[in-house]
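J.: Submitted below is the structure of interest, expressed as structure tokens.
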Amino acid sequence: MALQDSPFPRDAGIPDRLASRDVTGLLSAARSAMSRGLILEPAKTEDLVTRFGLESREELGLHLLPLAREIAAPPISDFHVGAVGVATDGTVILGGNLEWPGTNLGFTLHGEGFVAIRAHHLGLRLATLAITEAHPCAHCRQCLAEHASGETLMIVDPHGHRLSLSDLYPWPFSPTALGQPGALPEKTLPVTITGHCPEPVRDLLTAEAGRAHAPYSGSVSALVLDTGQLSVCGFVIESVAFNPTIQPVMSAFVQLIANGGRPSDVRQAWLLQRGGSVDYAAPTADLLGKVAPGAALHLLDWPA
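For the sequence shown, full-length UniProt numbering begins at 1 and goes up steadily by one.
Listed below in structure tokens is the structure:
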């Protein structure tokens with residue numbers, strides 16, 4: 001969509017304001033301040049806003065879009081998308097889109113989804129989401145609507161748009177349609193594990209799998225990926241619309257990439273899931289088989 005086709009008002013002064021900043025210096029300082037996990041902690045966020053004379057955290061997010069695009073790995077489309085989320089506590093979260101050659105397009109992860117997954121893992125709610133143009137695809141709008149913060153989320157772009165998710169998705173099919181509050185990052189479930197796994201894997205699952213969000217099927221699930229140097233845990237984040245559900249393997253790969261790991265380096269994986277109408281074993285094995293062919297997948301039970 002061309003900018004002139006936008007049906008929404010925009011602040012035409014934003015592009016000039018962004019261009020007037022010391023962008024090179026800001027990006028260099030932000031890169032140095034970035035913590036592992038592709039985040040800026042709140043104190044570093046405020047320092048950058050003050051040091052470079054920015055008007056807000058929101059403006060900082062817009063400036064960081066070039067850094068976010070560096071995360072993107074879209075070898076199929078070669079269409080690099082960066083997204084920058086600012087959480088309510090001031091944490092800044094970077095993300096990019098991911099594609100997987102040799103698999104089906106259903107495994108594609110959008111930049112907006114990357115940021116939403118990271119925020120949920122960190123137990124944070126997003127206040128704003130900066131993207132190149134403030135009209136995310138309908139799939140992303142549905143994904144963002146699943147999160148409890150979606151009702152107040154503002155989406156901004158360098159062209160001067162500042163839109164609420166409800167502006168872009170005015171009559172949503174949201175979790176409230178099925179009597180659910182949506183994905184709450186502060187909510188955790190009790191984790192029980194049946195089956196053999198190394199103690200560090202058990203500890204990681206116990207600590208992080210409880211953030212799984214599966215109110216519609218009840219099929220809670222989580223996945224640990226191990227490279228030999230790094231272990232991360234991902235989990236299911238179901239969507240009320242079902243198809244936009246984030247599978248554990250996608251969530252885990254986001255965690256791996258955010259923490260400096262490479263998907264091709266995965267050696268072993270442990271999938272913890274509760275028996276029921278949904279089974280993530282086959283798609284997990286499918287994606288791992290293409291991305292990390294030598295990785296062994298172990299199955300664990302999550303009893304009710």
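We treat Cβ as the ideally placed atom computed from N, Cα and C, and that holds for glycine. Computed from a prediction, not measured in an experiment: that's the story for all the values here.
#1: Which value, in whole angstroms, describes the spacing of the CA atoms of D203 and Y169?
#2: Contact check, V236 vs V220 under 8 Å by CB: the rounded distance?
#3: With DSSP as the reference, label F79 as helix, strand or coil.
#4: Quick one: residues in its chain with C-beta nearer than 8 Å to the C-beta of C143, no 5 flanking neighbours on either side, listed in chain order?
#5: Pairing CB atoms from the segment 84-100 with CB atoms from the segment 61-69, are three or more of them under 8 Å?
#6: Give me, in chain order, the residues of the same chain whose beta-carbon lies closer than 8 Å to that of F173; leave out the 5 immediate sequence neighbours on both sides.
#7: Report all residues from its chain with a CB closer than 8 Å to the CB of S264; omit the five preceding and five following residues, and keep chain order.
#8: Which residues share a DSSP beta bridge with F235?
#9: I need the boundaries of the alpha helix (DSSP H) containing T50, first residue and last residue.
#10: Would you tell me roughly how many angstroms separate the C-alpha atoms of C140 and R17, rounded to the nearest one?
#11: So, using beta-carbon positions, are L287 and V249 closer together than 7 Å?
#12: For a test of the three-state rule: what should DSSP assign to I14, helix, strand or coil?
#13: On the three-state DSSP scale, how would you describe G85?
#14: Contact between the segment 178-190 and the segment 120-137: three or more CB pairs below 8 Å?
#15: Work out the CA separation of L165 and G150 for me, nearest whole Å.
#16: Apply the 10 Å Cβ neighbour rule to E97 and answer buried if 16 or more other Cβ atoms are within range, or exposed otherwise.
#17: Under three-state DSSP, which class holds Q255?
#18: Measuring alpha carbon to alpha carbon, tell me which of E41, L40, E59, E70 ends up nearest R21.
#19: Can you tell me whether I131 is buried or exposed? The criterion is at least 16 other CB atoms within 10 Å of its CB, across all chains shown.
#20: In chain order, what residues of the same chain lie with their CB nearer than 8 Å to the CB of T128, ignoring the 5 residues before and after it?
#21: Taking A269 as the reference, give the member of R125, R262, T284, A134 with the closest Cα.
#22: Where does A130 fall in DSSP's three states?
#23: According to the Cβ coordinates, are L26 and F52 closer than 7 Å?
#24: Could you check the C-alpha separation between P15 and L256 for me, to the nearest Å?
#25: Sorted by chain position, which residues of the same chain lie with C-beta nearer than 8 Å to D47's C-beta, five sequence neighbours on each side aside?
#26: Looking only at DSSP bridge pairs, what is A183 linked to?
#27: In whole angstroms, give me the CA-to-CA distance for G13 and H161.
#28: Measure from the alpha carbon of A177 to the alpha carbon of each residue in E199, Y216, H159, then state which is nearest.
#29: What is the DSSP secondary structure of V249, counted as helix, strand or coil?
#30: Quick one: is R211 buried, meaning 16 or more other Cβ sit within 10 Å of its Cβ, or exposed?
#31: Measure the beta-carbon distance from P42 to G95 and round it to whole angstroms, keeping in mind my assumption that it falls under 8 Å.
T.: The answer reads as follows:
#1: Here the question's residue 203 lines up with position 203 in the sequence shown. Here the question's residue 169 lines up with position 169 in the sequence shown. About 40 Å.
#2: As a working mapping, residue 236 is identified with position 236 in the sequence shown. As a working mapping, residue 220 is identified with position 220 in the sequence shown. Right, their Cβ atoms sit about 7 Å apart.
#3: Residue 79 sits at position 79 when you count from the first residue of the sequence shown. Three-state result, F79: coil.
#4: Reading the sequence shown from its first residue, position 143 is the one you call residue 143. Correct list, in chain order: H110, E112, G113, A116, S239, P244, I246.
#5: yes
#6: Your numbering for residue 173 matches position 173 in the sequence shown. Cβ within range, chain order: Q142, A145, V240, A241.
#7: In the sequence shown, counting from the first residue as 1, residue 264 sits at position 264. The answer, listed in chain order, is V291, A292.
#8: Position 235 of the sequence shown, counted from the start, is the residue given in the question as residue 235. Partner(s): A222.
#9: Counting from one through the sequence shown, the residue named residue 50 turns up at place 50. Counting along the chain, the alpha helix (DSSP H) containing T50 begins and ends at 42-51.
#10: By 1-based counting over the sequence shown, the position of residue 140 is 140. By 1-based counting over the sequence shown, the position of residue 17 is 17. Looking at the two C-alpha atoms, the distance is approximately 28 Å.
#11: Sequence index remark: in the sequence shown, residue 287 carries index 287 (1-based). Sequence index remark: in the sequence shown, residue 249 carries index 249 (1-based). In contact: L287 and V249 (Cβ atoms closer than 7 Å).
#12: Within the sequence shown, the letter at position 14 stands for residue 14. Of the three classes helix, strand and coil, the one that applies to I14 here is helix, per DSSP.
#13: Translated into positions along the sequence shown, residue 85 becomes position 85. Of the three classes helix, strand and coil, the one that applies to G85 here is strand, per DSSP.
#14: yes
#15: By one-based count along the sequence shown, residue 150 stands at place 150. By one-based count along the sequence shown, residue 165 stands at place 165. Going from the Cα of G150 to the Cα of L165 covers about 7 Å.
#16: Taking the first residue of the sequence shown as position 1, residue 97 is located at position 97. Looking at the sequence shown, residue 97 is not Glu but Asn. Under this definition N97 is a buried residue.
#17: For the purposes of this step, residue 255 is identified with residue 255 of the sequence shown, where counting begins at 1. Helix.
#18: If you number the sequence shown from 1, residue 21 lands on position 21. The shortest C-alpha separation from R21 is found at E59.
#19: Counting from 1 along the sequence shown, the entry for residue 131 is found at position 131. With 16 or more Cβ atoms within 10 Å of its Cβ, I131 is classed as buried.
#20: Numbered from 1 along the sequence shown, position 128 holds the residue referred to as residue 128. Contacts found: R57, E58, G61, G85, V86, L153, M154, I155, V156.
#21: As a first step, residue 269 is located in the sequence shown; it is residue number 269 there, counting from the start. A269 has its Cα closest to that of T284, out of R125, R262, T284, A134.
#22: In the sequence shown, the residue the question calls residue 130 occupies position 130. DSSP places A130 in strand when its eight states are reduced to three.
#23: Locating residue 26 in the sequence shown gives position 26, counting from the first residue. Locating residue 52 in the sequence shown gives position 52, counting from the first residue. Yes, the pair counts as a contact, with Cβ atoms nearer than the cut-off.
#24: The count along the sequence shown starts at 1 and reaches residue 15 at position 15. The count along the sequence shown starts at 1 and reaches residue 256 at position 256. Spanning the two alpha carbons is a distance of roughly 34 Å.
#25: Within the sequence shown, numbered from 1, the residue matching residue 47 stands at position 47. Answer for D47: A33, listed in chain order.
#26: Position 183 of the sequence shown holds residue 183. The partner list for A183 (beta bridge, DSSP) reads H147.
#27: Within the sequence shown, numbered from 1, the residue matching residue 13 stands at position 13. Within the sequence shown, numbered from 1, the residue matching residue 161 stands at position 161. Rounded to whole angstroms, G13 to H161 spans 11 Å at the Cα level.
#28: Within the sequence shown, the letter at position 177 stands for residue 177. Looking at the Cα atoms, Y216 is the closest of the given residues.
#29: By 1-based counting over the sequence shown, the position of residue 249 is 249. The answer is helix: DSSP assigns V249 an H, G or I state.
#30: Locating residue 211 in the sequence shown gives position 211, counting from the first residue. R211 is buried by the Cβ-count criterion.
#31: The sequence position of residue 42 within the sequence shown is 42, counting from 1. The sequence position of residue 95 within the sequence shown is 95, counting from 1. The Cβ separation is near 18 Å, so there is no contact.
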